[in-house]
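Quick note, the sequence shown lines up with residues 1 to 177 if you use full-length UniProt numbering.
We treat Cβ as the ideally placed atom computed from N, Cα and C, and that holds for glycine.
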Amino acid sequence: MMVPLGLLLCGAMMGNKGCDAAPPTARDKNMQAQSSLMERATSAVPVPQVNNFLSREAVAKQVKRLDEKGKLFYVYILGNNGQQIGYYVSNTRPVPTCSLLTPPDDIWKDYNGNGGLTSQRLTAPGLGGTYSPGPCSSVFFFDAATDAYIEIAGLNYFVSDQPLAVKSEPIKIIGAQ
């Protein structure tokens with residue numbers, strides 16, 4: 001007796017349960033409802049065709065401006081009460097202290113003895129020879145006139161690439177003229 005291949009495979013895959021599909025789960029029903037809703041929403045309000053890409057243009061302009069040698073940035077420091085403390089002039093915008101020149105993770109690969117390869121992600125040491133899994137809660141820059149290292153933590157600040165007409169005095173480095 002010849003058994004059709006489809007029945008044979010169905011029987012092998014389903015065991016004694018038969019070839020009927022399992023009833024949909026609550027998750028399946030919710031995913032179907034979500035899909036149906038999005039189809040109706042897209043039909044009612046289609047995604048507009050973008051022609052000018054203004055946000056992309058702004059990001060490209062920002063990247064080019066940040067890459068200009070000799071560009072000055074005015075870093076205005078605010079107290080926790082919103083009062084202006086003063087400002088610095090820097091050759092870069094403030095950089096997060098957690099910015100790295102090397103990858104933050106090492107991937108260690110090991111053969112597990114069963115002929116398989118396993119990998120594990122570990123925190124890599126920084127260029128200073130230390131590990132820093134902590135939060136990125138401060139920024140740094142160098143004073144344009146004196147090259148003094150400035151790090152800001154816990155204060156509000158804003159940055160402009162042109163001096164602003166605000167009542168704020170430059171913060172001076174002691175010993176600088």
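- Task: Compute the Euclidean distance between the alpha carbons of residue 68 and residue 33, then round it to the nearest angstrom.
- Result: Numbered from its first residue, the sequence shown carries residue 68 at position 68. Numbered from its first residue, the sequence shown carries residue 33 at position 33. The alpha-carbon atoms of residue 68 and residue 33 are separated by roughly 51 Å.
- Task: May I ask you to report which of helix, strand or coil DSSP gives residue 57?
- Result: Within the sequence shown, residue 57 is the residue found at index 57, counting from 1. Three-state DSSP puts residue 57 in a helix.
- Cut-off 7 Å between Cβ atoms - residues of its own chain near residue 136, not counting five sequence neighbours on either side: Locating residue 136 in the sequence shown gives position 136, where the first residue counts as 1. 96, 97, 98, listed in sequence order.
- Message: Within the continuous beta strand (DSSP E) that includes residue 29, where are the two ends?
- Response: Start at 1 with the first residue of the sequence shown, and residue 29 comes out as number 29. Per DSSP, residue 29 belongs to no beta strand (DSSP E); it is in the alpha helix (DSSP H), 26 to 44.
- Task: Please classify residue 109: does DSSP put it in a helix, a strand, or coil?
- Result: In the sequence shown, residue 109 corresponds to position 109, counting from 1. If DSSP states are grouped into helix, strand and coil, residue 109 belongs with the strands.
- Message: What residue range does the beta strand (DSSP E) around residue 68 cover?
- Response: In the sequence shown, the residue the question calls residue 68 occupies position 68. Neither: residue 68 is in no beta strand (DSSP E) and is coded neither H nor E.
- In the DSSP assignment, what residue or residues form a beta bridge with residue 77? Within the sequence shown, numbered from 1, the residue matching residue 77 stands at position 77. DSSP output for residue 77 lists 86, 157 as bridge partner(s).
- Over what stretch of residues does the beta strand (DSSP E) that includes residue 120 continue unbroken? Here residue 120 is taken as the residue at index 120 of the sequence shown, counted from 1. 117 to 123 is the extent of the beta strand (DSSP E) around residue 120.
- Item | Exposure of residue 53, with buried meaning 16 or more beta-carbon neighbours within 10 Å | For the purposes of this step, residue 53 is identified with residue 53 of the sequence shown, where counting begins at 1. With fewer than 16 Cβ atoms within 10 Å of its Cβ, residue 53 is classed as exposed.
- Query: Which first and last residues belong to the beta strand (DSSP E) in which residue 50 is found?
  - Reply: Taking the sequence shown and counting its residues from 1, one reaches residue 50 at position 50. Premise fails: residue 50 is in no beta strand (DSSP E) and is neither H nor E.
- Message: Please tell me whether residue 76 and residue 158 are closer than 7 Å, where the distance is taken between their beta carbons.
- Response: For the purposes of this step, residue 76 is identified with residue 76 of the sequence shown, where counting begins at 1. For the purposes of this step, residue 158 is identified with residue 158 of the sequence shown, where counting begins at 1. Going by C-beta atoms, residue 76 is nearer than 7 Å to residue 158.
- Message: Taking the alpha-carbon of residue 109 as reference, which of 103, 117, 102 has the nearest alpha-carbon?
- Response: On the sequence shown, position 109 is the one that residue 109 refers to. Looking at the Cα atoms, 117 is the closest of the given residues.
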